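Protein chains in written order, with our numbering: chain A, 86 to 199; chain B, 85 to 200.
Below: one structure, written as structure tokens.
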Amino acid sequence: DVKVTQSSRYLVKRTGEKVFLECVQDMDHENMFWYRQDPGLGLRLIYFSYDVKMKEKGDIPEGYSVSREKKERFSLILESASTNQTSMYLCASSPSGNVDEKLFFGSGTQLSVL
Amino acid sequence: AQSVTQLDSHVSVSEGTPVLLRCNYSSSYSPSLFWYVQHPNKGLQLLLKYTSAATLVKGINGFEAEFKKSETSFHLTKPSAHMSDAAEYFCVVSDGNTSGTYKYIFGTGTRLKVLA
Numbered sequence: 086d087v088k089v090t091q092s093s094r095y096l097v098k099r100t101g102e103k104v105f106l107e108c109v110q111d112m113d114h115e116n117m118f119w120y121r122q123d124p125g126l127g128l129r130l131i132y133f134s135y136d137v138k139m140k141e142k143g144d145i146p147e148g149y150s151v152s153r154e155k156k157e158r159f160s161l162i163l164e165s166a167s168t169n170q171t172s173m174y175l176c177a178s179s180p181s182g183n184v185d186e187k188l189f190f191g192s193g194t195q196l197s198v199l
Numbered sequence: 085a086q087s088v089t090q091l092d093s094h095v096s097v098s099e100g101t102p103v104l105l106r107c108n109y110s111s112s113y114s115p116s117l118f119w120y121v122q123h124p125n126k127g128l129q130l131l132l133k134y135t136s137a138a139t140l141v142k143g144i145n146g147f148e149a150e151f152k153k154s155e156t157s158f159h160l161t162k163p164s165a166h167m168s169d170a171a172e173y174f175c176v177v178s179d180g181n182t183s184g185t186y187k188y189i190f191g192t193g194t195r196l197k198v199l200a
């Protein structure tokens, strides 16, 4: 069974802390994505990666960076957490090559920045 | 650049009546379009997808959607609502970038309420 695993379900951090959100997929997918979900705003794309060590900015990359050293793992980094980064963070993956592939989602990390 | 507009943030229907959730899209290329559903405290699940084969697409749980290029719409319908359909629904467009990669852009969501 396909699986996208996010390391934490709930996370509480303080303003200014460096925060790492980890995502691992076991499906050998090429593409991985980070979204944040906020009420009334839907899911907004932060960053995505289509290959190891390759990344592209999404629609809201400010304040975030990513790392993809291995194919199965895609990390989202908040360099200096701020209260406006309190949100639900969702990781997703998809197979390579085709624009019509479905996304496989993790269960999400609810991050609170105090 | 691609974008998705879900025209209603909330829709309420009575059980047994039809459901219509509206979605309009903008795309520079030939897009793929999807509907995902998110039940309370659950993960996102694919309902259906359009990939330029048939314009009327059937999905799970009795849902279907029709791709209308002239109207740039991809509305989701169901003939008869069930209480278990209460959830948030997202319209998604997948489109190519100049770099040759694909982005999945989500709408802001429509929360469906089903009244007994």
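Using N, Cα and C, we set each Cβ at its ideal position, and we do this for glycine too.
Please read all numbers here as calculations on a predicted model, not as lab measurements.
- Excluding five sequence positions before and after Glu148/B, the CB atoms of its chain that fall closer than 8 Å to its own CB belong to Leu132, Leu140, Val141, Lys142, Leu160, Thr161, Lys162, given in chain order.
- For the segment 143-164 of chain A, the beta-carbon criterion of a distance under 9 Å to any beta-carbon of chain B is satisfied by Gly143, Asp144.
- Along the segment 172-197 of chain A, the positions whose C-beta sits under 7 Å from a C-beta of chain B are Val184, Asp185, Lys187, Leu188, Phe190, Ser192, read in chain order.
- Listed along chain B, the residues sitting closer than 8 Å to Leu126/A by beta-carbon distance are Thr192.
- For Ser93/A, there is no enclosing beta strand (DSSP E), as DSSP gives it neither H nor E.
- Rounded to the nearest whole angstrom, the CA to CA distance from Ala170/B to Ser98/B is 11 Å.
- In the DSSP assignment, Gly127/A falls within the unbroken beta strand (DSSP E) covering 127-136.
- One Cα belongs to Asn116/A, the other to Ser181/A, and the distance between them is close to 6 Å.
- Among the residues facing chain A, Tyr109/B is not included, as its CB has no counterpart in that chain under 9 Å away.
- In the DSSP annotation of this structure, Glu186/A is not part of any beta strand (DSSP E), being labelled neither H nor E.
- Across the set Tyr113/B, Met167/B, Val177/B, the C-alpha of Met167/B shows the shortest separation from the C-alpha of Ala200/B.
- Within the same chain, Glu172, Phe174 come within 6 Å of Gly193/B by CB-CB distance, once the 5 residues on both sides are set aside.
- In the structure shown, the three-state DSSP call for Met112/A is coil.
- Taking C-beta separations shorter than 7 Å and ignoring five residues to either side along the sequence, the partners of Gly193/A in its chain run Gln91, Met173, Tyr174, Leu175, following chain order.
- Shown here is that no member of the segment 95-112 of chain A has a Cβ falling below 9 Å from a Cβ of chain B.
- Here the C-alpha atom of Lys142/A lies approximately 10 Å from the C-alpha atom of Lys187/B.
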